[in-house]
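First up is the structure itself, then whatever we jot down about it.
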Amino acid sequence: MVEVVAVIVVAVVVVVVVVVVVVVVVTVVVENLVVVAVACAYTLTGNAGTFQSPNYPDNYPNNAECSWLITTEPDTEVILEFTAFDLQTSRRCRDDAVSVYQVPSGFSESLPLRLRHICESGSYTNIRATGNRMYITLHTDGNGTAPGFSAQWSIFQVAAVVVVVVVAVAVGVVIVE
1 MVEVVAVIVV AVVVVVVVVV VVVVVVTVVV ENLVVVAVAC AYTLTGNAGT FQSPNYPDNY
61 PNNAECSWLI TTEPDTEVIL EFTAFDLQTS RRCRDDAVSV YQVPSGFSES LPLRLRHICE
121 SGSYTNIRAT GNRMYITLHT DGNGTAPGFS AQWSIFQVAA VVVVVVVAVA VGVVIVE
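In the UniProt record's numbering, the protein residues as written are 1 to 177.
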């Protein structure tokens, strides 16, 4: 009888130890898991327009991953201006941040060239892509939110400037700035 009780006690102890180990492992995995609560992707076209972070002017959500791909006409450059910009304070831009990229012709937005990485509230104007595609991302963590941003884009007509300069030079006009 004593031997049976000892075997049962050992079995219970083993089960408890296994359960504790599983709970600890699951807790560590969950703490290191990044849960994306909001995922959004927008494609914007045209020579001008506006867009905002989710819920703007109210606070954006925690754990958001959003992107905006702006595509304008060929032979144009995209110019971006944040008319309002207020993110949660971020240590070394690791928490909430906005990144602005230009997407070179012939490449997808998965291979962009980063123009700006912004994590502090302020005024950001005249962010320019030397091409007709710009890609903007918003990453937020799970530790607080802020109103986010409102932005507008416009274009700079590259071909028109080249034609004016070529014509002016061809007819002998001197352009003085």
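Think of the CB as a built atom: it goes at the ideal place given N, C-alpha and C, for glycine as much as any other residue.
Assumed close pair residue i, residue j - CB separation to whole angstroms, cut-off 8 Å
i	j	result
Met-134	Gln-157	That belief does not hold up - the Cβ atoms of Met-134 and Gln-157 are roughly 16 Å apart, past 8 Å.
Three-way DSSP call (helix, strand, coil) for residue i in this model
i	result
Arg-114	strand
Val-24	In this prediction, Val-24 has a pLDDT of 36, which is less than 50 and means its spatial position is unreliable; nothing more can be read from the coordinates.
Cys-40	strand
Element boundaries [beta strand (DSSP E), containing residue i]
i	result
Asn-126	124 to 129
Glu-65	64 to 71
Arg-133	133 to 139
Val-98	97 to 102
Glu-77	76 to 86
Thr-50	49 to 52
Phe-156	148 to 157
Beta-carbon gap between residue i and residue j smaller than 7 Å
i	j	result
Ser-90	Arg-114	no
Ile-79	Arg-128	yes
Asn-59	Ala-151	no
Thr-45	Ile-155	no
Thr-83	Asn-47	no
Ser-53	Thr-137	no
Thr-125	Glu-81	yes
Asn-63	Gly-148	no
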